[in-house]
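A.B. asks: Per this note's numbering: the sequence shown = residues -18 to 597.
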Amino acid sequence: MRPSLFLFLYLGSVTFVAAQTNLPAPPAAQNFIANGGFEAGFRRENLWDGVDTTGFLASERGALPVLTTSGMISDTAMPVSVSVADLSGDGLLDLAVMDVLGYLRIYFNSGTKTEPKFTLAELSTLFLSRVRAGDPTLQGITAIHARQGQRIHLTDILRSGKKDLILGNYLGEIMIVPNAGSAIRPEFRQPQTVAQVLIPTMKDSLKKWGNVFAPVTWDWNRDSRDDLLVGEGSYSANSIHLLLNQGSGRPVFDENNRSVLAYGMGLEQLSPCVVDYNGDGVQDLLVTERTGKVAVYLSGSTPWKPGEDIPFDSFISLGGAAQTPAQSADKDPLSAAKASGLLSIGGIATIAQGDFNGDGLFDLVFGKSNGRVALSLNTGTKSQPKFGTPQDLKGDSNTPVFNFPSGWESDFGLTRGNFYGFYNVVKAADDATAKPSEGSACLKIGYVASPNKIMPVPSQFSSSTAGFNFGALLNLTPAILAASPANFFAMTQVGRRPLAIGQTYVFSMKVKGARVSEASVLITYSIEKKRETRVERGDRGSARVSSTDLKEQKNVVAKFTVGPEWTEVRKEFTVKFDNRELSDLPTVTSWNTSICVTLAPSVGMLYMDDMKILPK
């Protein structure tokens, strides 16, 4: 891992040198910072409002380590999760979509019962995927992705008359987030602790019996309490599990009332949906699997009894009903999945159902691993549904892209719940406030405006986790970034040209902005000198390898403040090491430069321009 560039040296006095007009001008020194004027940028989609630049409904993409068909665990693209319900009380079906990182977007339907229309998404304040140090519900788990990959389902399991949110995650947890709003203005609030929304499925809540959970609810045993159906994710031969609800009011589940409702029989990454598929008045299961096909599990004609499972019937074919039993290779899912002409999303997907065109038939909605949402309308009948190729849904196409600074690694808190944060290379024509101090562009850091009209604008930003101390920050490691506040922005550039030992350099840049705190420039340089490696022989053939390699790292830090007009940040530093033997070397081994700031959520803003490191 390369060293990050951080340390806190305070700004020294500025030295002015009088011009000598009788001497020829020396050649301009080459800037050690690449793209320090922020004239170059690269395109990055702005997905905060849930629509990409081509107009498709889209959310952030992501991958999680899961067991693959090769038998190895490797990072695998995960789909966004989708659920369907009328959340605004207008009789139209809306879409709830949660991306892999844990952001919940609601697309309110502004069309008609026969022609749905989705424009922009409204973000909920909910962000449950952040793993926090010392969380007693994690039992030592520190992986930052442990609570990502959430699968959601809108449900009235709490019998509140409103749609609440139940979700499962990569770790194998089930959570229920009550709708704190109303049946026409939903609000899913961030709990103070995850423990407040966790619903145990084992007597020992710290024990996990599976992972990549995909939940749905339905009163399967007809006792007027919604039960929990869970599609399980990463183990071979996954299944759909049924947990009967033992509670009155708040649901209660335990392992003594958990059974397999539908066997995967070799299928993986299962995500279920409850629907009366063949119009016989009995609820069946539609289940997406690893390759994106849709498996059909048909219930029998008699009422379900505890311990019974629903048999696999077929996969849905394109342009027709499900395969007939003869086509499904004796109802072996792995064999049936190899048939041609099957409906497929083309990868791991999630599924939901609802009537989107008012014809009385259920249609299918899919969450895809490319971040998009697709709809397949049912053109069949109640007893023989018929589906075509799922079509990606479109919304408003006017969302501009971000122009991230080339040559920089930029972290704007996306994995920490920093709603609406961004980096953007802007010109005067793009931003009247910018007024670059040199060249035609500068860098802007801040927040885009929220498009929320029905739901409250996200205003809760998670703080740093235990142990984070900005004042003692020395390295921008993934662990440090994961522990930092949501509204912590950091950008880093690895040095391309070696710094000379003994040389004095001057760092400078122009800044302006508002509501900026804890702002610092951090420069780290290090050196390593290879020396002799010795092997010392011990008793009974043992050996000990010792190395006398020399290593040393130095850090330079300059804190700064900003105002409404361009001001200069300036810091001189001389490259040197305490070890004299290292000081005899000509250049450092590696170095980098970082800018770290925290901005007031929603309103903080920082402009930067004309960043340089020049030899003095």
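Positions of the beta carbon are idealized from the N, C-alpha and C atoms, including for glycine.
(1) Give me the Cβ distance between residue 480 and residue 382, rounded to the nearest whole Å; I'm assuming they're in contact under 8 Å.
(2) Could you tell me if residue 231 is buried or exposed, where buried requires 16 or more neighbouring beta carbons within 10 angstroms of its beta carbon?
(3) Please state whether the Cβ-Cβ distance between residue 275 and residue 266 is less than 8 Å.
(4) Could you tell me the alpha carbon to alpha carbon distance between residue 238 and residue 137, rounded to whole angstroms?
(5) Buried or exposed, going by whether 16 or more other CB atoms sit within 10 Å of the CB of residue 178?
(6) Going by DSSP, name the residue or residues bridged to residue 599.
(7) Is the beta carbon of residue 534 closer than 8 Å to that of residue 507?
(8) Closer than 8 Å by C-beta to residue 65: which residues in its own chain qualify, once you throw out the five before and the five after it? Chain order, please.
(9) Within the continuous beta strand (DSSP E) that includes residue 576, where are the two ends?
(10) How should residue 54 be labelled, buried or exposed, when 16 other C-beta atoms within 10 angstroms of its C-beta is the threshold for buried?
(11) Measure the Cβ-Cβ separation of residue 488 and residue 552 and say whether it is below 8 Å.
(12) So if DSSP puts residue 111 in a beta bridge, which residue, or which two residues, is it bridged to?
(13) Compare the Cα-Cα distances from residue 102 to each of 163, 187, 353, 337 and report the closest residue.
(14) Using beta-carbon positions only, say whether residue 150 and residue 131 come within less than 8 Å of one another.
(15) Could you tell me which whole beta strand (DSSP E) segments of length 3 or greater appear in the region 389 to 462?
(16) Which one of 580, 62, 495 has the shortest CA to CA distance from residue 393?
(17) For residue 42, does the count of other Cβ atoms within 10 angstroms reach 16, so buried, or fall short, so exposed?
(18) Could you check if residue 542 is buried or exposed, using at least 16 other CB atoms within 10 Å of its CB as the buried criterion?
(19) Report the residue from 10, 100, 57, 44 whose alpha carbon sits nearest the alpha carbon of residue 34.
(20) What residue range is occupied by the uninterrupted alpha helix (DSSP H) comprising residue 604?
(21) Going by beta-carbon coordinates alone, are residue 601 and residue 176 separated by less than 8 Å?
(22) Between which two residues does the alpha helix (DSSP H) harbouring residue 496 extend?
(23) On the three-state DSSP scale, how would you describe residue 474?
(24) Could you check where the beta strand (DSSP E) with residue 86 kicks off and where it finishes?
(25) Note down, in chain order, each residue of its chain lying with its Cβ closer than 8 Å to the Cβ of residue 20, except the 5 sequence neighbours on either side.
(26) Using a threshold of 8 Å, state whether the C-beta atoms of residue 476 and residue 572 are closer than that.
(27) Do you know offhand how far residue 45's Cα is from residue 121's?
(28) Suppose you measure from the CA of residue 466 to the CA of residue 501; what does that come to, to the nearest Å?
(29) Below 7 Å CB to CB, which residues in the same chain sit around residue 10 once its five sequence neighbours on both sides are set aside?
(30) In terms of alpha-carbon separation, which member of 564, 400, 280, 181 lies closest to residue 236?
(31) DSSP on residue 592, reduced to helix/strand/coil?
(32) Hey, residue 550 and residue 490: beta-carbon distance below 8 Å or not?
(33) I'd like to check one pair, residue 211 with residue 250: are the Cβ atoms closer than 8 Å?
(34) Give me whichever residues DSSP pairs with residue 509 in a beta bridge.
(35) Considering only DSSP beta bridges, list what residue 253 is partnered with.
C.D. replies: Result, derived from the coordinates:
(1) Actually they do not touch by this definition, with Cβ atoms about 35 Å apart.
(2) exposed
(3) no
(4) 21 Å
(5) buried
(6) With the chain represented from -18 up to 597, any question about residue 599 goes unanswered, as that position is not in the structure.
(7) yes
(8) 74, 75, 76, 77, 135, 333, 334, 335, 346
(9) 571 to 580
(10) exposed
(11) yes
(12) Looking at the DSSP assignment, residue 111 forms no beta bridge with any residue, so it has no partner.
(13) 353
(14) yes
(15) 390 to 392, 402 to 408, 422 to 428
(16) 580
(17) buried
(18) exposed
(19) 100
(20) Only positions -18 to 597 of the chain appear in the structure, and residue 604 is not among them; the question remains open.
(21) Outside the shown range of the chain, which is -18 to 597, sits residue 601, and nothing can be said about it.
(22) Looking at the DSSP string, residue 496 is not in any alpha helix (DSSP H), and its letter there is neither H nor E.
(23) strand
(24) 85 to 88
(25) 406, 420, 421, 422
(26) yes
(27) 19 Å
(28) 15 Å
(29) 595, 596
(30) 181
(31) strand
(32) yes
(33) no
(34) 532
(35) 268
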